[in-house]
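Protein chains in written order, with the numbering used here: chain A, 1 to 325; chain B, 1001 to 1281; chain C, 2001 to 2338. Yeah, the Cβ is synthetic: ideal placement off N, Cα and C, and Gly gets one too. Data block below; observations after.
Okay, here's the thing in structure tokens:
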């Protein structure tokens, strides 16, 4: 009998592949560095032992639905945010739900390497997770953290760690409780003056190197041609001058309004440690206030900006069309 | 020292609408500065290209369609396709334009001396072949080469470039011209069919002959096997490649095939050279 | 080559003195992130204890965004205003990469003057790595933590002192006041070098790897290794030897600029006709690896990667160039579908 979380995931993946329910299982496996896990794509039942899930799995696996053939029958190991991203992609007709099998895992949160490795001069050599505790070997010595101390901010502020609409849920306790929409951490930013807010934003955006790791790591960024690459006309300054950097971050965030699942994969992918989920969270907070809407929670409810016609006054109570079929 | 990214100023001297659908126009450019003109003609070899430059629209690599002896201008035949080419199509005689070049290697005309030359062109890619053929047909060069045969295919007769000159070539006795269109038309005197099929029918002899091929990728793809079938060795089959380019001088990286840069090491390659490179055209 | 010796305390004084006569660029700690910046306060220079900066030092010579020309009816090249500068504390892998960039950007016929002027105006003082990171593999690609390539001076940290290898005329002009190192000191440096290098990965057989990669070109190997790639530009932008750029007109500012570009982006090789020779991440990943480990070898018989490990460390999905090279070398592609 499988006992650990990983064993349960592996057992389910094995069954799905053996019974021919799916062609591929997308999950995580050990990386080449002690502090990294990497996405993996398991196609044979004998390979399922590669599958592991822990606090170092920093990507949102739903992103791969945008890379893979639409007719591929796919199982994905999903945590709360990944399941919500899948829901949103299904609603946006990116993938047919019947081709997907979601192996849901109650989330234990994702660790933030930046919080562990306070200085670039003190790299992480090894990480060992043990329940609520995380033992880290740094160049400067051993250290034990409470998991909550070193969680990524997106996970600290997560409201829905439980997978939504999964086909099965791995029977293991997650780290968090579900809670009603709470992004109160934004209040400190909201309370700043316009000038101060702009300063905060500038301080982050000015490190941008336009590598678009944030875009590529995001399941919701799937446009064939991104606005920032558009050349006729060219909408955005191409350089790493503030005009281009800021336009990129602002417009990217706006395109995520009511779609971003707050997974934080963008921030974890960013090589320059730029904070950006606060922007999409601010917009999502407005969406919650205005429309009582949270992305990806209800598999039948279209994001307001996709569902609202010009004459819809209130989302969810308008005429037909505000609900997806 | 010269900045290799700085275009020199030119003006549009003449514009010719080449095709009945007006998607192809030839632009004849003249030099604003004498030094640039001198420098250009010292270096120019048919088969080379230039980066044309319109500020705000960027640059585009365009093959040179004129022979040096034609005059103090440089001709470019441009198909309206993207941002840059749409902009140049909207320009008028007298408008300023930037130019960098000549760039690339061009055809090895010296190496071909004493040989027969088989020119195979398709559609708008005929432009540099046209420049080369014109160069060879000049009285001071013609004797350097043996038989010249040209096969030029277009979808229909209206899409044929340089009509008056090609018409004149038909009447010359120092070049044999074959023209082909895809589907029959009234009053068409020449071949009907795709270039590969017409070539096979022509069955040119490979002895002491170089085949020079420029056309759309699909034409190239189906013509190369015919040449091979006709026993042309790969080192005597030449073709000119197109790639997305920016710098034009082998620095910016993007036009590589294996370790070769199309802008600097090409655009002219032999089939043998291409066979030795990774298959990524 | 001359070998000199200086104490850490004296070096700090020397650095301060240099800032009075030169522009000095050195690693500066910004909110725990190191970056090469112009030194305003010498006290903020991070001299020891770091492995490398995240953002590569190539940006000082090939800036990520650079104005090439200004437009006022015609395009004029911007004037060369480069002042003599000292680049302090660059790692041997990054200095080695500058040799590769020099090769890529400067040829007899069409030298890239923007690069050339910046490069020629710089005196490069590199620092040997006495504690390479787990992601470092310079020794596998023909370099060394003590490599002197493209440096004018190489410092080796020796306890409370540095051994100062003076490699060029430029270097001599800066270090002529320093005392020569003694034989016992040099013996100690040699011992340290051996110890550090001994812990590093072994040299890859470059020709064998080249041949393997060429043979792998049309196999499913590349589909396999690129499967998790997201298609961002982290690996190439942080790479010290990647040099590809785009040229763009910024019409509002009336400037023609160049920006770093990357073969990992779809638009990089997309042609106006819609044709793309590298349409998916499979071909694009292949290009990145082949360029470094095969095409550079074709060109100059050297691997085009200097083993700094940034792409390994910062790839959001942990694609590891070392692992791909190893897999190719072991011919894992054999038997894979074409």
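According to the DSSP secondary-structure assignment, residue 2155 of chain C is paired through a beta bridge with C:2127, C:2164.
At a Cβ-Cβ threshold of 8 Å, residue 175 of chain A and residue 111 of chain A do not count as neighbours. The beta carbon of residue 41 of chain A sits closer than 8 Å to some beta carbon of chain C. Residues of chain B whose Cβ lies closer than 7 Å to the Cβ of residue 2077 of chain C are, in chain order, 1003, 1006. DSSP places residue 1088 of chain B in the helix class (H, G or I) of the three-state scheme.
Residue 2075 of chain C sits in a strand when the DSSP states are folded into three classes. Taking a C-beta cut-off of 9 Å against chain C, the contacting residues of the region 33-61 of chain A are 33, 34, 36, 37, 38, 39, 40, 41, 58, 59, listed in chain order. Chain B has a Cβ within less than 8 Å of the Cβ of residue 2251 of chain C. With fewer than 16 other Cβ atoms from the protein chains shown falling within 10 Å of its own Cβ, residue 135 of chain A counts as exposed. Between the region 174-194 of chain A and the region 276-284 of chain A, the count of C-beta pairs closer than 8 Å reaches three or more; the two stretches touch. The region 2223-2236 of chain C makes contact with the region 2255-2266 of chain C: 3 or more CB pairs, one atom from each, lie closer than 8 Å. The beta-carbon of residue 2239 of chain C is placed no less than 8 Å from the nearest beta-carbon of chain A.
Closest option to residue 1024 of chain B, judged by alpha-carbon separation, among B:1158, B:1232, B:1033, B:1037: B:1158.
For residue 1214 of chain B, the three-state secondary structure derived from DSSP is strand. Against chain C, the CB of residue 1133 of chain B has no partner CB under 8 Å away; the residue lies outside that interface. Residue pairing by DSSP places residue 142 of chain A opposite A:137 in a beta bridge. Chain-order list of chain C residues neighbouring residue 1281 of chain B: 2277, by C-beta distance under 8 Å. If you draw a straight line from the Cα of residue 232 of chain A to the Cα of residue 247 of chain A, it is about 17 Å long.
Cβ neighbours of residue 2005 of chain C within its own chain (closer than 8 Å, five residues either side excluded): 2161, 2162, 2163, 2164, 2178, 2179, 2180, 2181, 2182, 2185. Of C:2240, C:2172, C:2081, C:2199, the smallest CA-CA separation from residue 2096 of chain C is found for C:2240.
By the criterion of a C-beta distance shorter than 7 Å, residue 287 of chain A is surrounded in its chain by 257, 258, 293, 304, once the five residues flanking it on both sides are discounted. Any Cβ of chain B closer than 8 Å to the Cβ of residue 2245 of chain C would place that residue at the interface, and such an atom is present. Take the alpha-carbon of residue 206 of chain A and the one of residue 1237 of chain B: they are about 53 Å apart. Residue state for residue 2317 of chain C is assigned as coil, using DSSP reduced to three classes.
Shown here for residue 2 of chain A: same chain residues with a beta carbon closer than 8 Å to its own, the five before and five after excluded, namely 8, 10, 11 in chain order. Taking residue 1149 of chain B as reference, the option from B:1225, B:1255, B:1119, B:1142 with the minimal CA-CA separation is B:1119. Residue environment: residue 44 of chain A is assigned as exposed (fewer than 16 neighbouring CB atoms within 10 Å of its CB, all protein chains considered). Nearest CB-CB separation between residue 1116 of chain B and chain C: not below the 8 Å threshold.
Looking at A:39, A:217, A:128, the one whose alpha-carbon comes closest to that of residue 24 of chain A is A:39. Secondary structure remark: continuous alpha helix (DSSP H) runs of at least 4 residues inside the region 1200-1246 of chain B, in chain order: 1217-1229. Comparing alpha-carbon positions, the option among A:193, A:238, A:4, A:214 lying closest to residue 260 of chain A turns out to be A:214. Chain B has no Cβ within less than 8 Å of the Cβ of residue 2121 of chain C. Close to residue 1249 of chain B, with beta-carbon spacing below 9 Å, are these residues of chain C in chain order: 2107, 2109, 2110, 2112. By the C-beta criterion, the region 21-36 of chain A is judged to be in contact with the region 74-87 of chain A, since at least 3 inter-stretch pairs fall below 8 Å. Setting aside the 5 residues that flank it on each side, residue 2254 of chain C is surrounded in the same chain by 2070, 2071, 2072, each with a C-beta closer than 8 Å to its C-beta; the list follows chain order. Within the same chain, Cβ atoms closer than 8 Å to the Cβ of residue 2205 of chain C are found at 2329, the five residues on either side in sequence being excluded.
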